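For the numbering used here, count along the sequence shown from 1 and bump the result up by 123.
Glycine residues also receive a C-beta, built at the ideal position from the N, C-alpha and C atoms.
All figures in this text were calculated on a predicted structure; none of them were measured in a lab.
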Amino acid sequence: ISLAATLATSAISETLNQGAPGILAHGPTFMGNPLACAAAVANIDLLLASDWQANVQNIQQHLIDTLTPLNLLSGVAEVRVLGAIGVIELVSETLGAEVQAAAIANGIWLRPFGKLVYTMPAYNISQAHLNTLTQGICKAIHSVL
124 ISLAATLATS
134 AISETLNQGA
144 PGILAHGPTF
154 MGNPLACAAA
164 VANIDLLLAS
174 DWQANVQNIQ
184 QHLIDTLTPL
194 NLLSGVAEVR
204 VLGAIGVIEL
214 VSETLGAEVQ
224 AAAIANGIWL
234 RPFGKLVYTM
244 PAYNISQAHL
254 NTLTQGICKA
264 IHSVL
């Protein structure tokens with residue numbers, strides 16, 4: 124069962140399919156199988172059973188309150204928050220891996236994307252877990268910068 128399709132011209136398709144799979148190798152990402160579909164339905168049920176819109180507003184405010192002070196650090200280019208997405212843009216891509224290692228040492232999993240350190244907490248995250256997350260991010264960034 125396929126849940127997604129991609130249309131491309133022959134030239135684009137041939138270019139994407141040349142050589143070893145790279146960053147665009149996402150075929151299985153969108154394949155629908157019974158387990159993935161059941162998990163998706165359960166996830167939607169959990170979302171709709173919660174006051175997720177209010178949760179997103181609370182998460183956004185918490186991310187603004189806790190992450191924007193990082194703008195004062197010389198190694199931070201900009202902090203951005205939109206809904207439940209928080210992004211700390213560092214001045215150098217090499218800092219991302221260092222921040223990731225420091226975060227993991229603090230019990231926080233971060234996956235930087237170049238010079239972007241980002242978090243997208245679940246809409247149903249508890250306040251305690253959100254505090255742990257943002258404190259860990261801030262501690263990691265302070266320890267590197």
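If you drop the 5 nearest sequence neighbours on each side, which residues of the same chain put their C-beta closer than 7 Å to that of residue i?
i	result
L170	Y246
Please classify residue i: does DSSP put it in a helix, a strand, or coil?
i	result
A131	coil
I208	strand
E216	coil
A96	Any question about residue 96 goes unanswered here, given that the chain covers just 124 to 268.
A200	strand
L239	strand
G230	coil
A245	coil
L190	helix
L195	helix
Q141	coil
N181	helix
L158	helix
L256	helix
Is it buried or exposed for residue i, if we count other Cβ within 10 angstroms and need 16 for buried?
i	result
I264	buried
C160	exposed
L130	exposed
P244	buried
T217	exposed
L186	buried
I135	exposed
Going by beta carbon distance, what residues of the same chain come within less than 6 Å of residue i, once the five residues before and after it are set aside?
i	result
L268	L196, G198
E201	E212
Would residue i pass as a contact of residue j if the rule is Cβ separation under 8 Å?
i	j	result
V240	I208	no
L193	V204	no
I182	L233	no
G259	P235	no
Give me the residue from the options with the minimum Cα distance to residue i.
i	options	result
V222	V164, K262, Q141	K262
S266	A134, L139, K238, A225	A225
K238	A228, S173, V214	V214
What do you reckon, is the C-beta of residue i under 7 Å from a heavy atom of the ligand FAD?
i	result
A207	Within the structure as shown, the ligand FAD is missing, as the structure has no ligands at all.
Less than 8 Å between C-beta atoms, sequence neighbours within five positions excluded: which residues of the same chain meet that for residue i?
i	result
L256	I231, T242, P244, I248
V179	G206, A207, Y246
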